[in-house]
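Participant:
Residue numbers (our numbering), protein chains in the order written: chain B, 1 to 295; chain R, 1001 to 1148.
(1) Do you know how far the Cα of residue 79 of chain B is from the Cα of residue 1060 of chain R?
(2) How close, in whole Å, do the beta carbons of residue 88 of chain B and residue 31 of chain B come, if the pair is a contact with beta carbons under 8 Å?
(3) Which same chain residues, not among the five before or five after residue 6 of chain B, have their C-beta less than 8 Å away from its C-beta?
(4) How would you list, in chain order, the residues of chain D whose beta-carbon sits under 7 Å from the beta-carbon of residue 75 of chain B?
(5) If I measure Cβ to Cβ from residue 91 of chain B and keep anything under 6 Å in the same chain, skipping five residues before and after, which residues do I get?
(6) Assuming residue 198 of chain B is part of the beta strand (DSSP E), what are its boundary residues?
(7) Buried or exposed: residue 112 of chain B, going by 16 or more other Cβ atoms within 10 Å of its Cβ?
(8) Starting from residue 83 of chain B, trace the beta strand (DSSP E) both ways and give me its first and last residue.
(9) Roughly how far, in whole angstroms, is the beta-carbon of residue 128 of chain B from the beta-carbon of residue 54 of chain B, given that I think they are within contact range, below 8 Å?
(10) Could you say which of B:134, B:205, B:36 and B:252 lies nearest to residue 234 of chain B if we only look at CA atoms?
(11) Under 9 Å, CB to CB, which of the residues in the stretch 34-51 of chain B have a partner in chain R?
(12) What does the Cβ neighbour count give for residue 1129 of chain R, buried or exposed, with the cut at 16 atoms within 10 Å?
(13) Report the CB separation of residue 1014 of chain R from residue 148 of chain B in whole angstroms; it is logged as a contact under 8 Å.
(14) Taking 8 Å as the limit between beta carbons, can you name the residues of its chain near residue 1008 of chain R, skipping five residues before and five after?
(15) Using the beta-carbon of each residue, which ones in chain R are nearer than 7 Å to residue 190 of chain B?
(16) Let me know if residue 134 of chain B comes out buried or exposed under the rule of 16 or more other beta-carbons within 10 Å of its beta-carbon.
(17) Assign residue 32 of chain B to one of three DSSP states: helix, strand, or coil.
(18) In the structure shown, what three-state DSSP assignment does residue 1049 of chain R receive?
(19) Would you mind working out which of B:18, B:16, B:103 and B:240 sits nearest residue 197 of chain B, comparing C-alpha positions?
(20) Pick out whichever of R:1005, R:1045, R:1141 and R:1016 has its Cα sitting closest to the Cα of residue 1100 of chain R.
(21) Would residue 1045 of chain R and residue 188 of chain B be called neighbours here (beta carbons separated by less than 7 Å)?
(22) For residue 1145 of chain R, count neighbouring Cβ atoms within 10 angstroms of its own Cβ and tell me buried if that reaches 16, exposed if not.
(23) Alpha carbon to alpha carbon, what distance is there between residue 24 of chain B and residue 260 of chain B?
(24) Does residue 115 of chain B come within less than 7 Å of chain R when only Cβ atoms are used?
(25) How about residue 175 of chain B and residue 50 of chain B: do their beta carbons lie closer than 7 Å?
(26) Let me make sure I understand the geometry here. Which of B:123, B:141 and B:105 has the alpha-carbon closest to that of residue 1030 of chain R?
(27) Under 8 Å Cβ-Cβ, which residues of chain B neighbour residue 1063 of chain R?
(28) Counting along the chain, where does the beta strand (DSSP E) carrying residue 1094 of chain R start and finish?
(29) Once DSSP output is grouped into helix, strand and coil, what is the label at residue 149 of chain B?
(30) Within 7 Å (strictly less), CB to CB, does residue 206 of chain B reach chain R?
(31) Report yes or no: do three or more beta-carbon pairs, one from the stretch 1067-1082 of chain R and one from the stretch 243-250 of chain B, lie closer than 8 Å?
(32) Output the distance between the C-alpha atoms of residue 1097 of chain R and residue 1109 of chain R, rounded to the nearest integer angstrom.
(33) Going residue by residue through the stretch 59-116 of chain B, where are the continuous beta strand (DSSP E) segments of at least 3 residues, counting only ones entirely within it?
(34) Given this structure, state the Cα-to-Cα distance separating residue 36 of chain B from residue 99 of chain B, to the nearest angstrom.
(35) According to DSSP, simplified to helix, strand and coil, what is residue 1026 of chain R?
(36) At a CB distance below 7 Å, what residues from the stretch 105-131 of chain B approach chain R? Give them in sequence order.
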């Protein structure tokens, strides 16, 4: 294992971990350095699979996955002490968290030029993965899986294709995506049905959506050319994303800020992207929805 | 930037402590950690509006896949991913049925050869955070290619 990166003690860790961990940098493309955090399995690191975990965004950090989802420890509300996660995924897998692309979290590039795209991210992630196995050659023969979430729905398959067809000797077995973005069209279309059948729209809006976006051949809530359909879809979109609901979990309260980060706003305008031109002309006007003037 | 309704204050404060950055071998010259990067997110160029063809290539190579969704999420809702898996055109090899965790229905799943679509009942976008037990069971089951 790559000794200089080993993490021997962590501020706020009051328990003795039964696994080892490393944190450092993996070389991605030229001048690009992706921060990684690798924790071994609590069972049998030599035999258990290696799993790469990628959060999405695009532009969000996989350390969110580590510290609030499936990592071996999380941060207490005091922001200073740590507690163990009994359902950690490193119970029987070696977990590799990668902050990607450069510019995300503690990952960076020498030129600070962080404009990128799906294929460049996949290529950088593939290079970083090879750099990982150079630092940790003992894990080259372990079974290998790629997991991702959200925009990881794009990151995971595009990286998987490089691993599956590339020269690097990696014992790649499979991939998985959680709440992934796999098709913008299907995500947009399905959200309208999800919203109506979860009681978010009411009969008037549902009738208006059907009257303006559907015909004999079915409905198009994704890229209709009808302005009246776009207006109705925007109203539906604004109820889901701008009316105070927690769009990440319908039945949970909305914690933290309602405010949009630019990254988030960009991500959301990628959804319903055919309507984003009109999105900014229509802002959800609160409970008086039925009386809102549409002109 | 922070996604709405997500409170990442605690991890942001911890990750930005000087002694934590040192322990994690983070260069002192780097800016503070943030859960999402506007520098990346604002100028990101999307190339894939669907990854259907990529999935078909990967599955044709014999790789295994699991598409799972917390079923209360509205950012990437379960129905869209269910339609995506069905749209791959792979013959179903199981009926759509429940899976159990801790003697309770934990969700539903359906297999289509090497790819499985699975829902996690009552969980949101971050499944391991909001349904940690079922998520770990699902994860372990997929790794060893067992039945859910």
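Heads up, the beta-carbon is just placed ideally off N, CA and C, and yes, glycines get one too.
Facilitator: Considering the structure as presented:
(1) So the alpha carbons of these two residues sit roughly 46 Å apart.
(2) In this structure, residue 88 of chain B and residue 31 of chain B do not form a Cβ contact; the two beta carbons are roughly 34 Å apart against a cut-off of 8 Å.
(3) Result list for residue 6 of chain B: 20, 21 and 22, in chain order.
(4) No chain D appears in the structure shown, which is made up of the protein chains B and R.
(5) Closer than 6 Å at Cβ, skipping near neighbours: 42.
(6) Residue 198 of chain B -> no beta strand (DSSP E), and no H or E assigned at all.
(7) Exposed, since its Cβ has fewer than 16 Cβ neighbours within 10 Å.
(8) 82-84 is the extent of the beta strand (DSSP E) around residue 83 of chain B.
(9) Between residue 54 of chain B and residue 128 of chain B the Cβ distance is about 11 Å, and since that is not below 8 Å, they are no contact.
(10) Ranking the options by Cα distance to residue 234 of chain B, first place goes to B:205.
(11) Of all residues in the stretch 34-51 of chain B, 35, 37, 48, 49 and 51 have a Cβ within less than 9 Å of some Cβ in chain R.
(12) The residue in question, residue 1129 of chain R, is buried, as its Cβ has 16 or more Cβ neighbours within 10 Å.
(13) Residue 148 of chain B and residue 1014 of chain R do not touch by the CB rule: their CB atoms are close to 24 Å apart, not below 8 Å.
(14) So the list reads 1002 and 1035, once near-sequence residues are dropped.
(15) Under the 7 Å cutoff, chain R gives 1077, 1079, 1080 and 1083.
(16) Taking all protein chains shown into account, residue 134 of chain B has fewer than 16 neighbouring C-beta atoms within 10 Å of its C-beta and is therefore exposed.
(17) Three-state DSSP puts residue 32 of chain B in a strand.
(18) In the three-state reduction of the DSSP assignment, residue 1049 of chain R falls in the coil class, being assigned neither a helical nor a strand state.
(19) Among B:18, B:16, B:103 and B:240, the Cα nearest to that of residue 197 of chain B belongs to B:240.
(20) For residue 1100 of chain R, the nearest C-alpha among the options comes from R:1141.
(21) Going by C-beta atoms, residue 1045 of chain R is not nearer than 7 Å to residue 188 of chain B.
(22) With fewer than 16 other CB atoms across the displayed protein chains lying within 10 angstroms of its CB, residue 1145 of chain R is exposed.
(23) Per-residue confidence for residue 260 of chain B stands at a pLDDT of 46, beneath the threshold of 50, marking its modelled position as unreliable; no derived number is given.
(24) It does: the Cβ of residue 115 of chain B has a partner Cβ on chain R nearer than 7 Å.
(25) In this structure, residue 175 of chain B sits away from residue 50 of chain B, with a CB-CB distance that is not shorter than 7 Å.
(26) Cα-wise, what sits closest to residue 1030 of chain R is B:105.
(27) Neighbours of residue 1063 of chain R on chain B, chain order: 160, 164, 172, 173, 174 and 175.
(28) DSSP places residue 1094 of chain R in no beta strand (DSSP E); its state is neither H nor E.
(29) Note: residue 149 of chain B maps to strand in three-state DSSP.
(30) With a threshold of 7 Å between beta carbons, residue 206 of chain B makes no contact with chain R.
(31) Touching, per the Cβ criterion.
(32) Spanning the two alpha carbons is a distance of roughly 6 Å.
(33) If only uninterrupted beta strand (DSSP E) runs of at least 3 residues are considered, those enclosed by the stretch 59-116 of chain B are 73-75, 82-84 and 94-98.
(34) Each residue's alpha carbon lies about 6 Å from the other.
(35) In this structure, residue 1026 of chain R counts as coil in the three-state DSSP scheme.
(36) Cβ contacts with chain R: 105, 106, 108, 114, 115, 116, 117, 118 and 119.
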